[in-house]
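Step one of this worksheet: look at the structure below.
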Amino acid sequence: MHRSGVQNLHVVVDATHHSANFRIKDFHLLAEGSSRIQSLNIRSKHPEDFPFVLPVLFLQGVPENLSELALCYIGEENKVYRTSPENDLFAQRLAPLLPHFPKLMGSLRACRISNVPFEWKHITFSARLVELRIESIALAGDLAITAFMTALSSACQLRDLKLIRIEAFSDWGSTLPGSQLSLPRLQTVYLEELYFNVLELILQSIAPGSYHLTLNLSERIRQNLLADLHTEDVRTETIHQLLAQHAIKRLILADDVESWAIGKGLNNLLRSLPALTSLEIYFYKLDSRLFKALTPLSDRQDTPFPKLEVLEFRGSTIQGGIAGLPRLTTKHPIQRLVLGQSMFLPGSDEQVVRIDKKDKNVRWLKDHIAGFHFILHDENTSGCSDMLWPL
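Note that numbering that gives the first Met the number 0 gives residue 88 to position 89 of the sequence shown, counting from 1, and the numbers run on in steps of one.
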């Protein structure tokens, strides 16, 4: 810190191995220069670190230059942190900071919150905020949902919105309390791993606009989340009806939806997304059935079906060859095609083959698709959000 002179500070606290409590002297030293903190990033496996670190750093008030905040709690995989109000150490320790929250949130241009339980009724963003990423939070009941949506609506100049694994349920039934969000500056919206009723709430709340909408589907879309974390099934036709009402430009599918988003099921899904231009498919088996599902059933222009410009197969296993892929590319205005072959091929499936750049179909694709990229050993291990947590 001394070597930085009078420059603003980019602070990263990574407590994934040891609790930040072990570095208490360092935080008090950092607090002395807190007015120079421009970017604050805290990641920890210990939920008590957040209510410990923030009050120490803000002993002298909210840093006047703070414009970027990222808080990430790493709990159990795919588990949203929950605690009862009487045991909520986070809320108890942050209570003295609540008077500073308007200034804190009002100063931010970028904010990323992952698995950290805020009381959204205390959160009001400002016209400065342009990037917001909220991941793995629980909204239990109508009041919490309404408070969260009100907080979102306060970010009136927001340009980039990412909502990932938001678990919300109403006091009664599956319908969540809605409210219109006017975010006229939105350029990109990214939605990942949402239950159907949460996805419905977000899609129907954000006013239509020219923003680029990405949907990363998981099995959760086939269920509504109810009180006490119970779920109810949603009809496939209901899912298609919702998606058809919105101009989704980019779709991401992984193998956890392969049981229903395959064959005719995948073709029907795509027919509900006529505005789609980019499709990414992770860990699927590539075979004639998949290639057929990605092809419109009719060449008639009035038949709804996306015209794909970007098509990516990542971490794929190839069954019997890719003879159907060149023909598929003639049915879409493909500008970029990625064919990534999984590093981990099942040894028990005799139909699974490994191809290389000498394969005749790979050579054809290279000659005919300017943006073709073949990955012999695709190291991609996740079809989910791979965006880094720090700012």
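Yeah, the Cβ is synthetic: ideal placement off N, Cα and C, and Gly gets one too.
* Asked: Would you report the Cα separation of Ala30 and Val10, rounded to the nearest angstrom?
  -> The alpha-carbon atoms of Ala30 and Val10 are separated by roughly 11 Å.
* Under 8 Å, do Leu307 and Leu278 count as touching if we go by C-beta distance? -> The criterion of a C-beta distance shorter than 8 Å is satisfied by Leu307 and Leu278.
* Beta-ladder partner(s) of Leu180, from DSSP -> Answer is Ile205.
* With DSSP as the reference, label Gln37 as helix, strand or coil. => The three-state secondary structure of Gln37, taken from DSSP, is strand.
* Below 6 Å CB to CB, which residues in the same chain sit around Leu97 once its five sequence neighbours on both sides are set aside? => Within the same chain, Leu97 has close Cβ partners His121.
* To do: Could you tell me which uninterrupted beta strand (DSSP E) segments, each at least 3 residues in length, are contained entirely in the region 24-81, listed from first to last along the chain?
  => 36-43 and 67-72, all fully within the region 24-81.
* Asked: Are at least three pairs of beta-carbons, each pair with one atom in the region 317-324 and one in the region 249-267, less than 8 Å apart?
  -> No: the two stretches stay apart, fewer than three of their Cβ pairs being nearer than 8 Å.
* Which of helix, strand or coil DSSP assigns to Arg234 -> Coil.
* Among Arg335, Asp358, Thr316 and Ala369, which residue has its Cα nearest to the Cα of Glu378? -> It is Thr316 whose Cα lies nearest to the Cα of Glu378.
* Would you call the region 186-206 and the region 99-118 in contact, with 3 or more CB pairs under 8 Å? -> Under the Cβ criterion (8 Å, minimum of three pairs), the region 186-206 does not count as touching the region 99-118.
* With which residues is Gln222 paired in a DSSP beta bridge? -> Asp232, per the DSSP bridge assignment.
* Neighbour-count burial assignment, Gln391, 16 or more Cβ in a 10 Å radius -> Since the first and last residues shown for the chain are 0 and 390, residue 391 lies out of range.
* Asked: Relative to the C-alpha of Val352, which residue among Asp301, Lys284, Ile133 and Phe371 is closest?
  -> Considering only Asp301, Lys284, Ile133 and Phe371, the residue with the shortest C-alpha distance to Val352 is Lys284.
* Tell me the DSSP bridge mates of Arg313? -> DSSP lists Tyr281 as partners of Arg313.
* **Under the three-state DSSP convention, the category Leu157 falls into** => Here DSSP, grouped into helix, strand and coil, assigns Leu157 to coil.
* Three-state secondary structure (DSSP) of His392 -> With the chain running from 0 to 390 in the structure shown, residue 392 is simply not present.
* Per DSSP, the bridge partner or partners of His376 -> For His376, which the question treats as bridged, DSSP gives no partner whatsoever.
* To do: Determine the DSSP secondary structure at Phe304, reduced to helix, strand or coil.
  => Three-state DSSP puts Phe304 in coil, outside helix and strand.
* To do: For the beta strand (DSSP E) containing Lys248, list its first residue and its last residue.
  => Looking at the DSSP string, the run of the beta strand (DSSP E) that includes Lys248 is Ile247 to Leu252.
* alpha helix (DSSP H) segment containing Arg132, residue limits -> Run containing Arg132: none in the alpha helix (DSSP H); it sits in the beta strand (DSSP E), Glu130 to Ala139.
* For Met0, does the count of other Cβ atoms within 10 angstroms reach 16, so buried, or fall short, so exposed? -> For Met0, the predicted structure reports a pLDDT of 48, less than 50, and the residue's modelled location is therefore unreliable. The matter cannot be settled from this model.
* Asked: Which residues in the same chain have their Cβ closer than 7 Å to the Cβ of Gln222, if we skip the five residues on either side of it in sequence?
  -> Around Gln222: Tyr194, Phe195, Thr230, Glu231, Asp232 and Val233.
* Please report how far the alpha carbon of Val109 lies from the alpha carbon of Phe100, in whole angstroms. => According to the sequence provided, residue 109 is Ala. The question's Val does not apply to it. Straight through space, the alpha carbons of Phe100 and Ala109 are spaced by roughly 15 Å.
* Measure the Cβ-Cβ separation of Leu160 and Leu185 and say whether it is below 8 Å. => The answer is yes: Cβ separation under 8 Å.
* Residues that Tyr189 bridges to, as DSSP identifies them -> Assignment of beta-bridge partners to Tyr189 by DSSP yields Lys161 and Thr213.
* What's the call for Asp298, buried or exposed, on a 16-neighbour Cβ count within 10 Å? -> By the 10 Å Cβ count, Asp298 comes out exposed.
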